[in-house]
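In this text, residue positions in the first sequence follow the working numbering: the first is 589, and each later residue adds one. We put the beta carbon where it would ideally sit given N, CA and C, even for glycine. Heads up: the structure comes next, in structure tokens.
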Amino acid sequence: MSHYPASTIESKWQKRWEESGLFRTKEKPKRKYYNLVMFAYPSGDLHMGHCKNYVIGDAITRYKRRQGYDVLHPFGWDAFGLPAENAAIQRGIHPKEWTFQNIEISRQGLKRLGISYDWDREVITCLPDYYRWTQWMFLLLYKNGLAYRKEAYVNFCPGCQTVLANEQVEEGRCYRCQTLITKRRLTQWFFKITAYAERLLRDIDRLEGWPESVKIMQRNWIGRSEGCLIKFPIVGDDEELSVFTTRADTIYGVTFMAVAPEHPLIDRISDPKITKFAERVRATPDYLRAGGKDGIKTGLFAQNPLTGERIPIWVTDYVLATYGTGAVMGVPAHDERDYEFARLKGLPIRKVIEGDAEGAYTGEGRMINSGPFTGMDSESGRKAIARKLKEIGMGGATVEYRLRDWLISRQRYWGAPIPMIHCPSCGIVPVPEADLPVLLPEGKIDFLPKGRSPLEACSEFITTTCPKCGGEAKRDPDTMDTFVCSSWYFLRYLDPRNDKEFCAYDRAKDWLPIDQYIGGIEHATGHLIYFRFLTKVLYDQGLIPVDEPALNLFTQGMILKNGEKMSASRGNTVPLNRFLDEHGADVARINILFAAPPENDMEWTDEGVIGAERFLNRVYRLVSENKDRIPAEPSEYQPDSERAKELYIAVNQTIKKVTDDLDRFKFNTAVAAIMELVNRIYLYPEKDDPVFGIAINRVIHLLSPLAPHLADELWSMIGGEGFLIEKGWIGYDPDFLETELRTYVVQINGRLRGKVEARKGADEETIRNLALKDPKVKRFITGKEIVKTIFVPDKLINFVLR
RNA sequence: GCCGGGAUGGCGGAAUUGGUAGACGCAGCGGACUUAAAAUCCGCUUCCCACUUGUGGGAGUGCCGGUUCGAGUCCGGCUCCCGGCACCA
589 MSHYPASTIE
599 SKWQKRWEES
609 GLFRTKEKPK
619 RKYYNLVMFA
629 YPSGDLHMGH
639 CKNYVIGDAI
649 TRYKRRQGYD
659 VLHPFGWDAF
669 GLPAENAAIQ
679 RGIHPKEWTF
689 QNIEISRQGL
699 KRLGISYDWD
709 REVITCLPDY
719 YRWTQWMFLL
729 LYKNGLAYRK
739 EAYVNFCPGC
749 QTVLANEQVE
759 EGRCYRCQTL
769 ITKRRLTQWF
779 FKITAYAERL
789 LRDIDRLEGW
799 PESVKIMQRN
809 WIGRSEGCLI
819 KFPIVGDDEE
829 LSVFTTRADT
839 IYGVTFMAVA
849 PEHPLIDRIS
859 DPKITKFAER
869 VRATPDYLRA
879 GGKDGIKTGL
889 FAQNPLTGER
899 IPIWVTDYVL
909 ATYGTGAVMG
919 VPAHDERDYE
929 FARLKGLPIR
939 KVIEGDAEGA
949 YTGEGRMINS
959 GPFTGMDSES
969 GRKAIARKLK
979 EIGMGGATVE
989 YRLRDWLISR
999 QRYWGAPIPM
1009 IHCPSCGIVP
1019 VPEADLPVLL
1029 PEGKIDFLPK
1039 GRSPLEACSE
1049 FITTTCPKCG
1059 GEAKRDPDTM
1069 DTFVCSSWYF
1079 LRYLDPRNDK
1089 EFCAYDRAKD
1099 WLPIDQYIGG
1109 IEHATGHLIY
1119 FRFLTKVLYD
1129 QGLIPVDEPA
1139 LNLFTQGMIL
1149 KNGEKMSASR
1159 GNTVPLNRFL
1169 DEHGADVARI
1179 NILFAAPPEN
1189 DMEWTDEGVI
1199 GAERFLNRVY
1209 RLVSENKDRI
1219 PAEPSEYQPD
1229 SERAKELYIA
1239 VNQTIKKVTD
1249 DLDRFKFNTA
1259 VAAIMELVNR
1269 IYLYPEKDDP
1279 VFGIAINRVI
1289 HLLSPLAPHL
1299 ADELWSMIGG
1309 EGFLIEKGWI
1319 GYDPDFLETE
1329 LRTYVVQING
1339 RLRGKVEARK
1349 GADEETIRNL
1359 ALKDPKVKRF
1369 ITGKEIVKTI
1379 FVPDKLINFV
1389 LR
């Protein structure tokens, strides 16, 4: 295949773009458009699998620029995190050095792809200039009671030797290394995201430009559940056992109480049999606990607050410590799990809701055996019982969420140190803001993970003085979850060199909210909740003007190779640099945009590359062979022949189609439309007809957001000035969108039987007469009666026969 | 199990509001150019049947049924695939 000189063209234009500062953001936007792609972990082996969101983001940026927006299109690096430390352990290279090498490689790759980032605003989360403000965020949350320390059973990854947030456990495994998660009882820092659960849930309704799937995932993740808190007094004790239930209407059917082995009540029992059982279950990973049913009597009894009945309390392995109160009321007749447990342990089963089912009847119905509530339906029974419980001070209606507080401590080195000091006399003291950043020590560190932070053994870091009393104290040895760094990076782009604030309010006002956010759907219940949370906190503090960060979200699919996600460990990557050497950036871009709708996963194939390359070659040839016939700035045009008019209409239709498609992220059909036009131009016989040159000129324009290097090259070949990104987006001539003559479909009983040509806007009579003249139609109609005629203007006529 | 999303030629996919199913690309077939090949350009290309060989007929968008003059599109029931959650009380 003869190639157009892609690499010459691409390096030439990349150099020119850079020299002219083409992608530098306007300081004061008039018509702002904040276009944000999720920043990246600098992995060092940049391959095609990484490129899809950059290519999409770039196409949108260039298109919006041409529509007259002042676009902010920044990029940065989510630069803290485990792989850097693992590299340090395996290869003896310092995480910082490894990270910066990778950033350099990746940045070059993105430049070679021709992505229009404003590199002046690059942020790198592992630089003190950045993590200083991550630490500042921590202190802000702390001051507002939203960062706190507690002892809890937490997810621990034996592979990474660190604790993890709920969002980082997938099917019982670590999201990074897939090691099975175990539980550990540790004192850790949490962010009180649950305080925002209701707002995070409610405001999902305002995210009109988000994919429905992401919104549903977030709603489920937050997991709002309306129910009732019920206090069961413990017999012979001042304490009560509180439970949460959505089925208060079944309270007369309680035959046992079940508590999680982590429940504080267990600590007060000294029976070694019970303690041993609880310990054993606690040590069992969640994934092994799931589904099982076992338990042991505590010997304690609770009292039903409505009936006064004595009910045995059991420790069980099936009650979750982390949901509700860590205890449930056991209603075997109406809950499958309680039923299973009761059958196993021979506990009584008491029906209190009418209804038939094998095992437990979990539906609603008329209440029976329920004292004064007997005869009510479930729903009114629940209300009445909640009211009653509230009246007697034993509970009442309440709302629970599945969402847990965000555990942000990590026992790793390569992260932002938690800016807290532990003083033997003053307790936990925050580092004064003026002392930020708390710098990560760069001396000799033993990175080998041991379940404790490597920083703990680094005395130059750990030993400090208490800001309050001046006495000797210790720093918190843990670093923050990298999702803390990534929950506010979109703000730093707005004011990246500010050393007084994380971002000046005016800058935030200029640019927020994000107009378009582009990234992977894998962040649906992690990053995309965290960054909404932090936005709300900052908004509540009056620090930014919006309480939702992004109005529109686009989640792109993955690029696959051989049906699998590209990754170095699978050995199925298409390395970026080699591909760019062989085919060029525009071929990569067109292939990515054309092969599948952007929200779908796409398979990277050699055949796809061939198609993209052939197309761009065809365009290049068209322009280079007809340079002198193509005007850079076409003047007013009126077609002077039927043929010319047809092509001119196709040109205008294509402009409209591509414009509409780009507005809706339908890059694949936009490319197809341009291909179609190019095919038509190739078939146009009269090369000296002005419409021929005009059509090619329009192709160059339409291609500019998608294959920008080639477009600028062709633009200069035809004598165009400057860069296409600076030109206004081309419009279409509404007078030439439709052909005068069109094909009307003739149907008989809804089946296609013929076609007739007629003028646009022809009336039913005309079409009917034409249709009835058609010999084929005639044949079908002969001997039958037309009982009804359906006429759709400009489209079809349908005869209903009997 | 629950909650989403999906199923269209040999393949990726298109069809904006119920109105010509299969745009565009790949692969395949045929032709032109060439000493030849590659590249390029042009044409054909859902399946089945018929013959007069370019025309006619039939079937067809996972399966079964419905609504409608007309269904890939709407409704009911199912099958399979993908994603999320998963003892959430």
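Limits of the beta strand (DSSP E) - the one that residue i falls within
{"i": "arginine 1063", "result": "1060-1063"}
{"i": "phenylalanine 744", "result": "735-745"}
{"i": "glutamate 988", "result": "983-988"}
{"i": "isoleucine 1050", "result": "Where isoleucine 1050 is concerned, there is no enclosing beta strand (DSSP E), although the alpha helix (DSSP H) it sits in stretches over 1047-1050."}
{"i": "tyrosine 622", "result": "620-625"}
{"i": "tryptophan 777", "result": "770-779"}
{"i": "leucine 1141", "result": "1141-1144"}
Three-state class that DSSP yields for residue i in the structure shown
{"i": "glutamine 723", "result": "helix"}
{"i": "methionine 589", "result": "Low confidence applies to methionine 589: its pLDDT is 43, below 50, so where it sits in the model is not reliable, and the reading given next is rough at best. Three-state DSSP puts methionine 589 in coil, outside helix and strand."}
{"i": "tyrosine 1118", "result": "helix"}
{"i": "glutamine 1129", "result": "coil"}
{"i": "serine 1074", "result": "coil"}
{"i": "tyrosine 1105", "result": "strand"}
{"i": "serine 997", "result": "strand"}
{"i": "lysine 976", "result": "helix"}
{"i": "threonine 750", "result": "strand"}
{"i": "arginine 970", "result": "helix"}
{"i": "phenylalanine 1253", "result": "coil"}
{"i": "glycine 1015", "result": "strand"}
{"i": "methionine 964", "result": "coil"}
{"i": "leucine 1043", "result": "helix"}
{"i": "phenylalanine 1368", "result": "helix"}
Contact under 8 Å by Cβ, residue i with residue j
{"i": "phenylalanine 820", "j": "alanine 890", "result": "yes"}
{"i": "arginine 970", "j": "alanine 836", "result": "yes"}
{"i": "glutamate 1187", "j": "glutamine 1144", "result": "yes"}
{"i": "leucine 1139", "j": "aspartate 1103", "result": "yes"}
{"i": "proline 1391", "j": "leucine 1024", "result": "The structure shown has nothing for residue 1391, since the chain only spans 589 to 1390."}
{"i": "serine 997", "j": "tryptophan 777", "result": "yes"}
{"i": "tyrosine 1118", "j": "leucine 624", "result": "no"}
{"i": "arginine 764", "j": "serine 1292", "result": "no"}
{"i": "arginine 1412", "j": "lysine 1275", "result": "The requested residue 1412 is not part of the displayed model; the chain covers only 589 to 1390."}
{"i": "arginine 1095", "j": "leucine 1082", "result": "yes"}
{"i": "glutamate 924", "j": "lysine 881", "result": "no"}
{"i": "leucine 1204", "j": "tyrosine 592", "result": "yes"}
{"i": "aspartate 646", "j": "threonine 1161", "result": "no"}
{"i": "threonine 843", "j": "arginine 931", "result": "no"}
{"i": "threonine 1327", "j": "glutamate 1234", "result": "yes"}
{"i": "asparagine 743", "j": "asparagine 754", "result": "yes"}
{"i": "isoleucine 691", "j": "tryptophan 665", "result": "yes"}
{"i": "methionine 805", "j": "glycine 1107", "result": "no"}
{"i": "leucine 1036", "j": "isoleucine 693", "result": "no"}
{"i": "tyrosine 1272", "j": "threonine 713", "result": "no"}
Residue i beta carbon near the ligand SAM (any heavy atom closer than 7 Å)
{"i": "glutamate 673", "result": "Ligands are entirely absent from the displayed structure, and the ligand SAM is therefore not among its contents."}
Extent of the continuous alpha helix (DSSP H) run through residue i
{"i": "lysine 536", "result": "Coverage of the chain is limited to positions 589 through 1390, which leaves residue 536 absent and any answer about it impossible."}
{"i": "asparagine 1214", "result": "1194-1214"}
{"i": "leucine 789", "result": "785-790"}
{"i": "lysine 603", "result": "594-607"}
Handout entry: Runs of beta strand (DSSP E) lying entirely within the segment 651-707, each at least 3 residues, in chain order
Key = 658-660
Handout entry: Inside the segment 868-946 only - alpha helix (DSSP H) runs reaching at least 4 residues
Key = 874-877, 924-933
Practice task
With a floor of 4 residues, list each alpha helix (DSSP H) that falls wholly inside the segment 1152-1177, ordered by position along the chain.
Solution key: 1164-1170
Exercise for the section: Kindly provide the ranges of any alpha helix (DSSP H) runs that are 4 or more residues long and lie completely inside the segment 797-880, ordered along the chain. Expected result: 800-810, 852-855, 860-871, 874-877
Exercise for the section: Ignoring anything shorter than 4 residues or poking outside the segment 1260-1301, list the alpha helix (DSSP H) runs there in chain order. Expected result: 1278-1291
Practice task
Go through the segment 1304-1364 residue by residue and report every complete run of the alpha helix (DSSP H) that reaches 4 residues or more, in order.
Solution key: 1352-1361
Problem - Segment contact, 8 Å Cβ cut-off, at least three pairs: the segment 1033-1046 with the segment 969-988 - result: no
Practice task
Say whether the segment 831-849 touches the segment 960-975, bearing in mind that this needs 3 or more beta-carbon pairs closer than 8 Å, one atom from each stretch.
Solution key: yes
Handout entry: Segment contact flag, the segment 601-610 with the segment 1294-1304, C-beta cutoff 8 Å, min 3 pairs
Key = yes
Problem - Contact the segment 1160-1180 vs the segment 628-642: 3+ CB pairs below 8 Å - result: yes
Problem - Contact the segment 766-777 vs the segment 869-876: 3+ CB pairs below 8 Å - result: yes
Handout entry: contact_flag[the segment 1340-1353, the segment 1313-1320] where n(CB pairs < 8 Å) is 3 or more
Key = no
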